[in-house]
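Just so we're aligned, residue 2 is where the sequence shown starts under our numbering, counting upward by one. Some notes on the structure that comes next.
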Amino acid sequence: MVRNVLVTVLLVLAGIVGGVWWARSAAPPQEVVVDVEARRYAYDPPVLRARQGDVLRLRLHSTDVVHGFFLEGYDLDARIVPERPDFEVWRPSEVQWAEAEKRGELPTKTEPSVEVSNLQGVRRVREVVLRLDRPGKFRYRCSHTCGFMHPFMQGELIVTPNYPFHVGVGAAIGLTLAFLAWRPADPSRRRGASS
């Protein structure tokens, strides 16, 4: 009996480990391009979804007034001017936009894109690139006062590991193998079998 329980536990664990391995090997990172439109008190889309390991390319636009885009957890802030195809982006832990403006350090030339990990100073770009290296929920919010409802202008980036499905399949395979291991090979050895 103890041996059967041990075999069951080992087979289920092997299935779960196999499911995690399958998840890591079966889901290669993807490049996700998202156009985020900022307008008074809302972002469209309000929720961004991607998987851990994906590369997220954000293109930010405003339709009405100057907005900000501060992404918690990724040290990223942006200033989005209405009807412009580009925006200014910086790392708030390293530089403040207002200070850079006072010193005359704001860029005048637009770059096609910049990766957040390579971002230094204030840059003007058409898109910002993030490597989503960790799962979690990361709030983004307007960081430039845009009106009386400004504090409520928020959205969410959800970065998910793709484990649950694969782990479930692995556990199901492990349970199936455990069932087969418990089942006697000889039908006459089953309980209650008549001779």
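Positions of the beta carbon are idealized from the N, C-alpha and C atoms, including for glycine. All values reported here derive from a predicted model rather than from experimental measurement.
- With at least 16 other beta carbons inside 10 angstroms of its own, A51 counts as buried.
- Residue environment analysis places E89 among the buried positions, since at least 16 neighbouring C-beta atoms fall within 10 angstroms of its C-beta.
- Taking the CA atoms as reference points, P47 sits about 43 Å from V10.
- The beta carbons of V33 and R58 sit about 7 Å from each other, so the pair counts as a contact at 8 Å.
- Beyond the five residues adjoining it in sequence on each side, R40 comes within less than 6 Å, by CB distance, of T64 and D65 in the same chain, given in chain order.
- DSSP places P152 within a helical segment (H, G or I) once states are collapsed to three.
- Using a Cβ distance threshold of 7 Å, V160 and Q53 count as a contacting pair.
- Looking at F139, V115 and A99, the one whose alpha-carbon comes closest to that of R60 is V115.
- Separation of H145 and A173 (C-alpha to C-alpha, rounded to the nearest whole angstrom) is 50 Å.
- Closest option to G69, judged by alpha-carbon separation, among V56, W91 and P113: W91.
- For E32, the enclosing beta strand (DSSP E) starts and ends at E32 to R40.
- Rounded to whole angstroms, R127 and P108 show a C-alpha spacing of 13 Å.
- Take G148, set aside five residues on each side of it, and the residues of its chain with a beta-carbon closer than 8 Å to its own are R41, Y42 and V66, in chain order.
- If you ignore the 5 residues before and after A101, its C-beta comes within less than 8 Å of the C-beta of W91, L107, G122 and V123, all in its own chain and listed in chain order.
- In summary, G156 is buried, with 16 or more beta-carbon neighbours lying within 10 Å of its beta-carbon over all protein chains present.
- Of the residues assessed, F153 falls on the exposed side of the cut-off, its CB having fewer than 16 other CB atoms within 10 angstroms.
- The beta-bridge partner set that DSSP reports for V126 consists of F88 and E112.
- In this structure, the alpha-carbon of T111 lies about 11 Å from that of R85.
- With contacts defined by Cβ atoms closer than 7 Å, F139 and L158 form a contacting pair.
- Residue environment analysis places D55 among the buried positions, since at least 16 neighbouring C-beta atoms fall within 10 angstroms of its C-beta.
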